[in-house]
Amino acid sequence: MKRTLICLLFSLFLITNVLSQSVVGTWKRTAMLLTEANGNTDDSMPDMTKAMPCTARITYTFLADGTMSTNVPDDCGVIKKATDKINKTSRWAVSGNKLKVWVLDKSLPDSEQVLTFSGNTMTWTFDYAANPQMPNPTKAKRLVINYVRL
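Under mature numbering (1 follows the signal peptide of the UniProt record, and there is no 0), the residues of the sequence shown are numbered -20 to -1, 1 to 130, in order.
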């Protein structure tokens, strides 16, 4: 009986740990750290939230079937309209520590980023040099985006 209980608790711990390290679920963006060509890093999130307060309420949902959606509040206007179209064809997949995101209609370029987890925080590290198809008007080096699981 004691052995069964220990095995059950250990299994529950493993399942909880695996699920906590999964992209599957709903997330909220908490930081967008852009590293410029000159090496300076700045968090774009506060400026974006100040300019468009509705962006603070955007959430991202990743389903186990590889589909994803960005949930934009109605008061975000133009962002909501553009995102609703993309949501129908957005896909994701993880291979090792890489997260690939793409849109089936190719209206946006595919992207691949390094994926890490720490507790209930998911971090995407996007390297512009490794994704030359991605528009980069500021010639930035890297974008690190932090999300917290809801």
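Where a beta carbon is used, it is the ideal one built from N, C-alpha and C, also for glycine.
Report the option in Asn126, Pro117, Lys121 whose CA atom is closest to the CA atom of Phe97. Comparing Cα positions, the closest option is Asn126.
Boundaries (first-last residue) of the alpha helix (DSSP H) holding Lys61: Taken as a continuous stretch (DSSP letters only), the alpha helix (DSSP H) holding Lys61 covers 58 to 67.
Quick one: give me the first and last residue of the alpha helix (DSSP H) that Ser28 is part of. Reading the sequence as shown, one finds Met at residue 28 and not Ser. Met28 -> alpha helix (DSSP H) spans 25 to 31.
Residue interval of the beta strand (DSSP E) (run including Arg9): Per DSSP, Arg9 belongs to the beta strand (DSSP E) from 5 to 15.
Take Pro117 as the anchor and find which of Trp7, Leu14, Trp72 has the nearest alpha-carbon. The shortest C-alpha separation from Pro117 is found at Leu14.
Per-residue burial, Val58 [other beta carbons within 10 Å of its own, 16 or more giving buried]: Val58 should be labelled exposed.
Reference Val4; option with closest CA among Met12, Ser75, Leu43, Ser24: The residue with the shortest Cα to Cα distance from Val4 is Leu43.
Count the other C-beta atoms from every protein chain shown that fall within 10 angstroms of the C-beta of Arg9, then say buried if there are 16 or more, exposed otherwise. Under this definition Arg9 is a buried residue.
Who are the Cβ neighbours of Thr29 in its own chain at under 8 Å, not counting the five residues just before and after it? In its chain, beyond the 5 residues on either side, Thr35, Ala36 have a beta carbon closer than 8 Å to the beta carbon of Thr29.
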